[in-house]
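Residue 119, in the working numbering, is where the sequence shown stops; the numbers in between run on with no holes. Report on one structure; see the data block that follows.
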Amino acid sequence: MDRKSEWLGVGEVGERGAAVGRYSAAMKTVVSLPDPVCAKAEELAKALGVSRSRLYAEAITEYLARRDGAAITAKLNVVFAEQGSALSDELARAQSSVPSKDVW
Numbered sequence: 016m017d018r019k020s021e022w023l024g025v026g027e028v029g030e031r032g033a034a035v036g037r038y039s040a041a042m043k044t045v046v047s048l049p050d051p052v053c054a055k056a057e058e059l060a061k062a063l064g065v066s067r068s069r070l071y072a073e074a075i076t077e078y079l080a081r082r083d084g085a086a087i088t089a090k091l092n093v094v095f096a097e098q099g100s101a102l103s104d105e106l107a108r109a110q111s112s113v114p115s116k117d118v119w
C-alpha cells in the first residue's frame, strides 16, 4: 500500500489518485489561520513534498497525541514498571535532609 492510500485509509488508489474500493475517511473543513502561519505552513508543505491538507492532518494528529493524558500515563506506567520508581539511596538521603518549607 502506498503512502497516499495509507493516509486516505483506502484499499488501493486508482488512476490519477482516485480512491478505489471504499469511501475515504477524510472530512473537509474550513479553518481560518493568521497569514504568517499559513505562509509558513505553505513553505513547509512544499519543502516536505506534501499537500497542505496532509501537513495540517499530521500536525493536528501530533497535537492531539501529545495531549492525550491517558496515553501519556500509559507510557509513563510502562517506563516506571521497567525502571522502577524507587528513589536511589543517595537521593532518598538528600531529600530527607532538606528541611520542609511547611510551618507548623
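Note that CB positions come from ideal geometry on N, CA and C, so glycine has one too. Computed from a prediction, not measured in an experiment: that's the story for all the values here.
Could you spell out where the alpha helix (DSSP H) holding residue i opens and where it closes?
i	result
residue 140	Only positions 16 to 119 of the chain appear in the structure, and residue 140 is not among them; the question remains open.
residue 107	104-112
Beta-carbon within less than 8 Å of residue i's beta-carbon, same chain only, minus the 5 sequence neighbours each way: which residues are those?
i	result
residue 70	56, 59, 60, 63
Report the three-state DSSP secondary structure of residue i (helix, strand or coil).
i	result
residue 82	coil
residue 101	coil
residue 115	coil
residue 68	helix
residue 61	helix
residue 125	Residue 125 is absent from the structure shown; the chain starts at 16 and stops at 119.
residue 55	helix
residue 90	helix
residue 74	helix
Drop a sphere of 10 angstroms on the beta-carbon of residue i, count the other beta-carbons inside from all chains shown, and report buried for 16 or more, exposed for fewer.
i	result
residue 24	For residue 24, the pLDDT reaches just 49, beneath the cut-off of 50, and the residue's location in the model is therefore unreliable, although a value from the coordinates is still provided. Exposed: under 16 other Cβ atoms inside 10 Å.
Sorted by chain position, which residues of the same chain lie with C-beta nearer than 7 Å to residue i's C-beta, five sequence neighbours on each side aside?
i	result
residue 66	60
residue 105	none
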